[in-house]
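Protein chains in written order, with our numbering: chain A, 1 to 388; chain B, 1 to 538.
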C-alpha cells in the first residue's frame, strides 16, 4: 500500500515537473540554435526550390509563434530581406558573368572582348534559361540558410546564449556582451557630438563635420571602456585560480586542434562528402566527432582556470529536447533521402517544374513542432511590468 | 574598518601629490561623508579604498591603506571585491550586463557564490532597494534614480562590509536623491554596513552622516570629526548650517527640523524686516523667445505636451521637475536641436531649427549637461581662438570673457584637466562670446562646489542685468532660490506651475530651499536675503 502511494506520488510529481517545463519561459537559446542548425543542414542538402521555400516557411511560422517583443526578435524580416538581396545579386552576376553553354538562349548581351590571360572569364554574351534557373536556385539556397540563422537569432536571446558558453570562453563572452551593449551607445554618442558641434556654431553635416565627430566619439568610447574596466575589476572580474604554465599550454593545444577538427568536420558534412576511405566519409561525421571530443576535454580543462558560478543558468528540459529533435529530424530526413537516391536537385537543364519529394518534405514539416511544443515566451506586458 | 596610514598619492607627471600624508580611520558601521572643493582629491581618496588607486589608475601611493585588515598594496581591486563595493559617479558606465536581475548577480558570479545563495540574495536585494518591479528591465531604459539604486544593489548583493559611493545623488532630482539616501541609511542601520560617501550637495546628505572627512583645498590636510564640529568652520556649508552660523545658534543645527526648533526668535526679528525684493522684475519688453503649443514625442512617448511659454529679456527662468519630465527636451527645442512635432518655437523671430549652425549662436546658446562635449582643442587658448573664428569676432574676445568669468584659468592647460567649475566657465565664455540674447543651461551645477556655484550665480545675475534672457534646467533647489526670478515646474511634459520663484518653490515640499523650510511661512529663500534683512533691522 505504502509502496503504491509512493509510486503514485512520484508519478504525479514527475507529471508536475513535466508540466512546469512547458509553462511560459524562455527556451534554452542553445535549443533554438540546434533546431536552426538542423534546418541549415537540410537546406544545404537540396536545391529544390519547393523544399527550400518550405524550410523558409517553417522557420517563419515558428518565429511568428514563439518570438518575444525584444529588439532582436524583429531580425527575421531583416534576414529575409538580406536573402532576397542575395538572390537578386546572384541573378545579376549570372546575367553579366554567366558562362552557361546549355539551355535555351533567352537574350544576348554585347560581349566584352577580354585578353588571352583572362580566358575562362566572360563578360556579357548569351544568357540561357538554364543558367538563370541555376543561379536562382543557388541564390535561394543561400537565402534559406540566412533565413535559418535569422530565425535562431530572433528566437534566442543573444546575451543569454553567450552566457551558455563554457567557462573557458567566459572572457570572450563578456567581451562580446560589452561590445554589444556599447554599440548602441556609440550611435547616441555620434548624435550627441553632432549636436555639440551645432551648439558651437560649426557645421554638423558633410565631410568637414565628419572629422570633428569621429575623434570625440572615439575618445568617449575609450573613456567609457576604462570606466567599465575599473567597475568590472572592482566587482571581482578575473579573480582566478593559479594554473601552471605547462597545463595552460596543453589546454590551448587541445582547444585549438579540437576546434580545427570541428571546423573541418562541419565542412565535410555540409559539403556532401567527397573524401572517402573504404566507403566512409572521413571528412564528415567521424572528424566532427573526434574534433568535438578533443575540444570538450580542452574546454573542461580551461574551465578550471575561471573561478565563477552562474546565476539562474538556462535549464535543458523536455521541450528543449523536443525542439532540438525536430530540427534534427529535418536535417536527417534530407541526408537520408540523399543517401537513398531521392532527387533533391532542382532540375535546370532542361528546365522542369520542380516536384515535392515526400520524405524530405515530411521531415521538414516536423520542424514546425516547436510552434506548439516550445513553451510560450513570457507575456510581453508582464515583461514590461517586471513579472515573468 | 578603513584605515589610511600616512598615505600620499601622486599621479605620473603631476607637479604635486593629490593627497599628502593622510591619516584616517573609519570604524565599522559608520556613514562617513567626504567633503571638499572640486579637484581636492575626493575621488582619489575613495578609489584608494578598494585599490583602484594605484592598481588601476597608475601613479604612486606611499603609506598604507587597509580595509578589514587587507592591505591594498597586496590586494588588487578584484581581490577586495568581497569586502568593498564601489559605485562610481556615472552608474551607467559601470554596468556590465544588460538586464537589472543579471546585473545584480554579476558581482556574485565573479565571486563564485553558490547558485542558491545568489538566487536568494538577488531577491533580498530587489526588496531592500525597491527594485522588484524592475527586475527584467533593460538597464538603459531606467531613470537616473533607478540606475543609482541598481548600481548600489549590484555591489550590495555580494554583501561587502564597506560601501564606497562617489557623488551618488549629483544627477538626481530631489525626490530620487531622498530615495537613494534613505536606502543607504537603512543599510547602515540594519546591516551595520560601513559607508564612505563623497557629495557636493551637503544639504542633502549631511544629516545622515556620523562622521565628516574634510579635504582642505590644497589636499594637504584632512580633518575628520562629527558633522557639527566640521561644519562649524567649513568654508562650504549647506544653507541650514550657514543660517545657523549667521544666527549664532548652538549647537549648530544640521537638519531642517533642528533648525526650525531654534528659529523662533529669528522668525520674530525677521517679521519686522521688509520683505526681500524679488529679483528685479524685467520691464515689459518684446519676448526673446516664445513657445506656442509645442508638442514633442520620442517614438510613442510624449516628452512635451502642448507647452506654451514666453521668455522676456533680463529674466532668469528655472525649469524644474523630476528626471524625465521634459526639461532637457524643452531646452533642445528652444535651441533647435529638436524640431517640434506640432506648435511653433520662435527665438528672436526665427524658428531655431531653421537657423544654420553658423548663425545659431547669434540667437541662442546652450550649455549642455556635459559641457566637455563642446570642447575639442588641446589648450584653453586654442579653444578660445576657435570660438573667435567661429563667431567671427575680434581675436581675444572669448579669452577676455573667460578672464572675466574665471580669472584663475591657465591658458596653456588642456581643457580636460580643468576642474568642473573652470570647464563650465570656459564653455560659458564660448557660448556667450557671440552674445546670444537667449542663454540656456542644462544642469549647470552638477559637480560644482559651493564656491563655484556662488560665482556662477553672480555671473548669471550680471548677464540678466545686461539684458540676456536665461533659462536653466536644474534639480538644485538652492540654485533656483538664489538665482531664478521665475520658476516653471514640468511634470510629464506639461507645465504644472509657472510664476515668481518665491511663490512657486515655497508652496512645494520638494522644491522648497532649506531656508524657506526653516523660516516658513516667511518670504525668505536664501541666507543672503536673511543677512540683508537682519542688517536692515539692526
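Note that CB positions come from ideal geometry on N, CA and C, so glycine has one too. Quick caveat: nothing in here was measured; it's all calculated off a predicted structure.
Following the DSSP letters along the chain, one finds residue 95 of chain B in no alpha helix (DSSP H), marked with neither H nor E. Leaving aside the five residues that flank residue 267 of chain B on each side, the residues in its chain whose CB is nearer than 7 angstroms to its CB run, in chain order, 519 and 522. Annotation: the continuous beta strand (DSSP E) that includes residue 107 of chain A extends over 105-112. The contact set of residue 1 of chain B on chain A, defined by CB atoms closer than 9 angstroms, is empty, because the minimum CB distance reaches about 17 angstroms. According to DSSP, residue 316 of chain B shares a beta bridge with B:470. Residues of chain B whose Cβ lies closer than 8 angstroms to the Cβ of residue 193 of chain A are, in chain order, 373. Contact annotation: residue 477 of chain B and residue 444 of chain B have beta-carbon atoms that are not nearer than 7 angstroms. Listed in chain order, the alpha helix (DSSP H) runs fully inside the region 368-405 of chain B are 380-391 and 397-405, counting runs of at least 4 residues. In this structure residue 404 of chain B is exposed. Its beta-carbon is surrounded by fewer than 16 other beta-carbon atoms within 10 angstroms. Residue environment: residue 13 of chain A is assigned as exposed (fewer than 16 neighbouring CB atoms within 10 Å of its CB, all protein chains considered). Per DSSP, reduced to three states, the secondary structure at residue 364 of chain B is strand. Taking 7 angstroms as the cut-off, the beta carbon of residue 200 of chain B is found no closer than this to the beta carbon of residue 442 of chain B. Contact between the region 342-362 of chain B and the region 172-187 of chain A is absent: fewer than three C-beta pairs spanning the two stretches fall below 8 angstroms.
Contact of residue 228 of chain A with chain B by beta-carbon distance below 9 angstroms involves 93, 94, 95 and 96. A Cβ-Cβ distance of about 5 angstroms is found for the pair residue 254 of chain B and residue 207 of chain B, placing them in contact under the 8 angstroms criterion. Beyond the five residues adjoining it in sequence on each side, residue 86 of chain B comes within less than 6 angstroms, by CB distance, of 50 and 164 in the same chain, given in chain order.
Distance between residue 25 of chain B and residue 3 of chain B, taken at the CA atoms: about 5 angstroms.
A direct Cα-to-Cα measurement between residue 284 of chain A and residue 330 of chain A gives close to 18 angstroms. For residue 360 of chain A and residue 334 of chain A, the gap between their C-alpha atoms comes out near 5 angstroms. In summary, residue 372 of chain A is exposed, with fewer than 16 beta-carbon neighbours lying within 10 Å of its beta-carbon over all protein chains present.
Interface flag for residue 112 of chain B against chain A is set, since a Cβ pair is found closer than 7 angstroms.
Residue pairing from DSSP leaves residue 185 of chain A without any beta-bridge partner. Between the beta-carbon of residue 397 of chain B and that of residue 433 of chain B there is about 6 angstroms, and that keeps the pair under the 8 angstroms contact cut.
One thing to note: residue 533 of chain B has its Cβ within 7 angstroms of the Cβ of residue 273 of chain B. For the region 421-439 of chain B, the set of positions with a beta-carbon nearer than 8 angstroms to some beta-carbon of chain A reads 430, 431 and 434 in chain order. Distance check between residue 440 of chain B and each of B:426, B:58 and B:472 places B:472 closest, using alpha-carbon atoms only. Close to residue 216 of chain A, with beta-carbon spacing below 8 angstroms, are these residues of chain B in chain order: 373 and 376.
Contact of residue 233 of chain A with chain B is assigned, a C-beta pair being separated by under 7 angstroms. By the C-beta criterion, the region 143-160 of chain A is judged to be in contact with the region 36-49 of chain A, since at least 3 inter-stretch pairs fall below 8 angstroms. Looking at the DSSP output, residue 85 of chain A bridges to nothing. In the DSSP secondary-structure assignment, residue 138 of chain B is bridged to B:99.
In this structure the region 148-167 of chain B lies against the region 77-85 of chain B, because at least three pairs of beta carbons, one per stretch, are closer than 8 angstroms. Listed along the chain, the chain B residues whose CB falls inside 7 angstroms of the CB of residue 202 of chain A are 357 and 390. Annotation: Cβ neighbours of residue 105 of chain B in chain A (cutoff 8 angstroms, chain order): 311 and 312. With fewer than 16 other Cβ atoms from the protein chains shown falling within 10 Å of its own Cβ, residue 414 of chain B counts as exposed. Beta-bridge pairing by DSSP links residue 505 of chain B to no other residue.
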